[in-house]
Amino acid sequence: MTEVFGVPVPALLGQLMLGLVNGCFYAMLSLGLAIIFGMLNIINFAHGALYMMGAVFTWIALTQFGINYWWSLLLVPVVIAVLGVVVERTMLRRLYKLDNLYGLLLTFGIALVMEGFFRHRYGVSGLPYSIPDAFAGAFNLGFMFLPKYRAWVIAASLLTCFATWFVIERTQIGAYLRAATENPRLVQAFGINVPVMVTVTYAIGVGLAGLAGVLAAPATQISPLMGTNLIIVVFAVVVIGGMGSILGSIVTGLGLGLIEGLTKVFYSQAANTVVFLIMALVLLVRPAGLFGKEK
Amino acid sequence: MSPRFIGYASLLAMGLVAPFVVYPIFLMHALCFALFACAFNLLLGYTGLLSFGHAAFFGAAAYTTGYTVKMMGLGPAAGIFVGTMAAVVLGSVFGMLVIRRQGIYFAMITLALAQLVYFFFLQSSFTGGEDGIQGIPRGRLLWLISLEDDRKLYYLVLAVFLFGFVVIHRTIHSPFGQVLKAIRENEPRALSLGYDVNKYKLQAFVISAALAGLAGATYAIVFTFVTLTSADWHTSGDVVLMTLLGGMGTVFGPIIGAFAVVTLQSQLSDKVGSLVTVIMGAMFILCVLLFRNGIVGESIGLYQRVVGRRPD
């Protein structure tokens, strides 16, 4: 069997694939964080909790209401987005004139409420969600087996990330959005309803987190704690990448997922911490982040 | 005698009498967190830096004290000193990294670095992993006074707290503290006036980390065990809530906030179990939306509106 540095190639590729799947989640979440930060100037701590709710709702939909995976894929992100609209309209809206630390503190509180509620209701042990029939089994690529569901997660998230990038960078509505990020008052003066745009941006940002949650449901253990553990890593990803560029967040997310996968193969003790170590390194070398702009 | 002197003297008297009225373990728990919150407030309230990873210093000091006292036979005072020094070292390393970014990034970086420390404690052998360090002897203070007696230990904890409180009080009322406030209000202006802003921020960060460590080290001696909870992000969140609830940027706010949160947690955890997290989260939301100046800040505001002048 072929080996690289003493590691069998199929095992290496398998871990890289897992890393890429994680990287897809990092990319989708950091993308959402970046869009929200651009428009609202708020770091959404609740992002992880909303991702967790996406997964838990998918589980509830199947076990309580018999709604299958495909309908969840469509409905759950919408439900999360609607929740986002409520949060933005009732709470975040009051904070725009204040220091953006308050936004972080508020969304931290929201995350605690959500996490605490679901932990109380469902405990901390994982909720099982089986892979949909269409994606059972694996592709035999000759040199490795690629589980179909993992291939689907990677394809679906890359497509979502690309679609988000396309809408923001290449369409009229995206141009309004970019303009409103730069100078909301001027854009408002041109007759565009900026407050509605802010709400929609937040809804889409958290909708992305919800979608990531649905995709994660069959791939990982669904647990009320999955969100916060992930969001801290995503924060590090955001610090590494900088929030200046959409493409930057996607590339950084995917890249760090791959690095994490590699670490799992060669030095598994550091797998949990490698992203944080890279963050420390980036802070030393390029404090503004890889794709960030120096102020 | 000025009213201020009478105020401080009566608070001190309360502190001295308290263990005869209230359960001493509860008081020591609250005092440790009060010191922790005061240390955190030096950074958030007086320098405008939101650290979401202060549990790393609290936890690192607690583990160091626990390990050196249990495994290496250090006395409690020496153990607390070594633990605090560990927090100083960690605070210096973190500080040098984190002052390279401003504002919201500061919070994210401290949170991420604290998570790094958490995973380190989870995987290291000296921390006992998931079990933590159990059975740390309280020992004797300077070979003389046995600290097994809760009341005697209480006075040590009170002394530690007062020491930390005086250090913070002196810091914020010194020229150094004035520069910190200037940085909080307008960092570019402080820079343009010729202050080495990064140096001041680093110094404030290390002082804050050291005192958070002092609180954690004392906590390890009081409870005779250290677990991963002490370095968890929930603990970092708790100390933010204490400061926010009590009133950030006020001298007594974090103390009142710490007593309120510790009381709530110990009262509620029996009754509602894991819903405590929901209540903590709800308090965060309420504080941010309605109550941004905290108990002390809002009280001062109310007093000013009623009396029409600043209180002494």
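Chains as they are written, first to last, in my numbering: chain A, 9 to 303; chain B, 148 to 459.
Note that CB positions come from ideal geometry on N, CA and C, so glycine has one too.
Keep in mind that this is a model prediction, so the values were computed, not measured.
Residue-chain proximity (M524(B), chain A), Cβ-Cβ < 8 Å: The structure shown does not extend to residue 524(B), since chain B spans only 148 to 459, so no value can be given for it.
Secondary structure of N108(A), DSSP reduced to three states: On the first sequence, residue 108(A) is found 100 positions in, with the first residue counted as 1. Here DSSP, grouped into helix, strand and coil, assigns N108(A) to coil.
Per DSSP, the bridge partner or partners of N148(A): Numbered from its first residue, the first sequence carries residue 148(A) at position 140. Listed as beta-bridge partners of N148(A) by DSSP are F153(A).
Contact under 8 Å by Cβ, A187(A) with V195(A): For the purposes of this step, residue 187(A) is taken as the residue at position 179 of the first sequence. For the purposes of this step, residue 195(A) is taken as the residue at position 187 of the first sequence. Taking C-beta atoms as the reference points, A187(A) and V195(A) count as a pair closer than 8 Å.
I51(A) in three-state terms, based on DSSP: Residue numbering aside, residue 51(A) sits at position 43 when the first sequence is read from its first letter. Reduced to three states, the DSSP call for I51(A) is coil.
Cutoff 8 Å: L288(B) Cβ touching any chain A Cβ: Within the second sequence, residue 288(B) is the residue found at index 141, counting from 1. For L288(B), the answer is no, since every Cβ of chain A falls outside 8 Å of its Cβ.
Alpha helix (DSSP H) segment containing V259(A), residue limits: Residue mapping note: residue 259(A) aligns to position 251 of the first sequence, counting from 1. Where V259(A) is concerned, the enclosing alpha helix (DSSP H) starts and stops at 254 to 274.
Counted within 10 angstroms of its Cβ, other Cβ atoms place K348(B) as buried (16 or more) or exposed: Taking the second sequence and counting its residues from 1, one reaches residue 348(B) at position 201. Answer is buried; the Cβ neighbour count reaches 16.
Environment of Q23(A) [buried if 16+ CB atoms lie within 10 Å]: If you number the first sequence from 1, residue 23(A) lands on position 15. Of the other Cβ atoms in all chains shown, 16 or more fall within 10 Å of the Cβ of Q23(A); this residue is therefore buried.
Cut-off 8 Å between Cβ atoms - residues of its own chain near K303(A), not counting five sequence neighbours on either side: Looking up residue 303(A) in the first sequence gives position 295. For K303(A), the predicted model reports a pLDDT of 47, less than 50, meaning its position is unreliable and no value from the coordinates is stated.
Neighbourhood of G448(B) by C-beta distance below 8 Å, restricted to the same chain and skipping five residues each side: As a working note, residue 448(B) is residue 301 in the second sequence. So the qualifying residues of the chain are N440.
T281(A) at chain B interface by Cβ criterion, 8 Å: Taking the first sequence and counting its residues from 1, the one referred to as residue 281(A) is at position 273. Flagged as an interface residue toward chain B: T281(A), by a C-beta distance shorter than 8 Å.
Buried or exposed (CB count within 10 angstroms, at least 16 for buried), T271(A): Locating residue 271(A) in the first sequence gives position 263, where the first residue counts as 1. T271(A) is buried by the Cβ-count criterion.
Y265(B), buried or exposed, once every other Cβ within 10 Å from all chains shown has been counted against 16: In the second sequence, the residue the question calls residue 265(B) occupies position 118. It counts as buried.
R248(B) (DSSP reduced to helix, strand or coil): Residue mapping note: residue 248(B) aligns to position 101 of the second sequence, counting from 1. Annotated three-state conformation of R248(B) is coil, per DSSP.
First and last residue of the uninterrupted alpha helix (DSSP H) at D385(B): As a working note, residue 385(B) is residue 238 in the second sequence. If you look at D385(B), you'll find it in the alpha helix (DSSP H) that goes 380 to 393.
Complete runs of the alpha helix (DSSP H) confined to the region 201 to 259 of chain B [at least 4 residues]: Counting only runs of 4+ residues, the alpha helix (DSSP H) found wholly inside the region 201 to 259 of chain B occupies 202 to 218, 223 to 245, in chain order.
DSSP-derived helix/strand/coil call for P16(A): Numbered from its first residue, the first sequence carries residue 16(A) at position 8. Strand.
DSSP state of L340(B) mapped onto helix, strand, coil: Within the second sequence, the letter at position 193 stands for residue 340(B). If DSSP states are grouped into helix, strand and coil, L340(B) belongs with coil.
Local conformation of D459(B) per DSSP, three classes: As a first step, residue 459(B) is located in the second sequence; it is residue number 312 there, counting from the start. Unreliable placement is indicated for D459(B), whose pLDDT of 49 sits below 50; the coordinate value is still reported in the next sentence. The answer is coil: DSSP assigns D459(B) none of H, G, I, E or B.
Helix, strand or coil at S355(B) according to DSSP, with G and I counted as helix: The count along the second sequence starts at 1 and reaches residue 355(B) at position 208. DSSP places S355(B) in helix when its eight states are reduced to three.
Chain B within 8 Å of V246(A), Cβ atoms only: Along the first sequence, read from residue 1 onward, the residue named residue 246(A) stands at position 238. Closer than 8 Å: yes.
Whole-angstrom distance between T189(A) and A164(A), CA atom to CA atom: What you label residue 164(A) is simply residue 156 of the first sequence in a count that begins at 1. What you label residue 189(A) is simply residue 181 of the first sequence in a count that begins at 1. Counting only the Cα atoms, T189(A) lies some 27 Å from A164(A).
Under 8 Å from the C-beta of Q325(B): neighbouring residues of chain A: Along the second sequence, one-based indexing puts residue 325(B) at 178. Close to Q325(B), with beta-carbon spacing below 8 Å, lies no residue of chain A; the smallest spacing is near 21 Å.
Within 8 Å, strictly: CB atoms of S383(B) and G200(B): Walking along the second sequence from the start, residue 383(B) turns up at place 236. Walking along the second sequence from the start, residue 200(B) turns up at place 53. Taking C-beta atoms as the reference points, S383(B) and G200(B) count as a pair closer than 8 Å.
Buried versus exposed call for G150(A) [16 or more other C-beta atoms within 10 Å across all chains shown]: Sequence index remark: in the first sequence, residue 150(A) carries index 142 (1-based). It counts as exposed.
Proximal residues to F65(A) (C-beta, below 7 Å), its chain only, five neighbours per side dropped: The residue given as residue 65(A) occupies position 57 in the first sequence. Sequence-distant Cβ neighbours of F65(A) in its own chain, meaning closer than 7 Å and more than five residues away, are V84, V87.
Residue environment, L388(B), which counts as buried when at least 16 other CB atoms sit within 10 Å: Locating residue 388(B) in the second sequence gives position 241, where the first residue counts as 1. Answer is buried; the Cβ neighbour count reaches 16.
Paired residues, beta bridge with I11(A) - DSSP: In the first sequence, counting from the first residue as 1, residue 11(A) sits at position 3. With the sequence shown as reference, residue 11(A) is identified as Glu, and Ile is not the correct amino acid for it. Per DSSP, P16(A).
Beta-carbon proximity list for D141(A), same chain, < 6 Å, skipping 5 on both sides: By one-based count along the first sequence, residue 141(A) stands at place 133. The answer is none, since no qualifying residue turns up.
Exposure of H176(B), with buried meaning 16 or more beta-carbon neighbours within 10 Å: Counting from one through the second sequence, the residue named residue 176(B) turns up at place 29. Classification of H176(B): buried, given that the 10 Å Cβ count is 16 or more.
K303(A) in three-state terms, based on DSSP: Locating residue 303(A) in the first sequence gives position 295, counting from the first residue. For K303(A), the predicted model reports a pLDDT of 47, less than 50, meaning its position is unreliable; a value from the coordinates is still stated below. In the structure shown, K303(A) sits in coil (DSSP, three-state: anything other than H, G, I, E or B).
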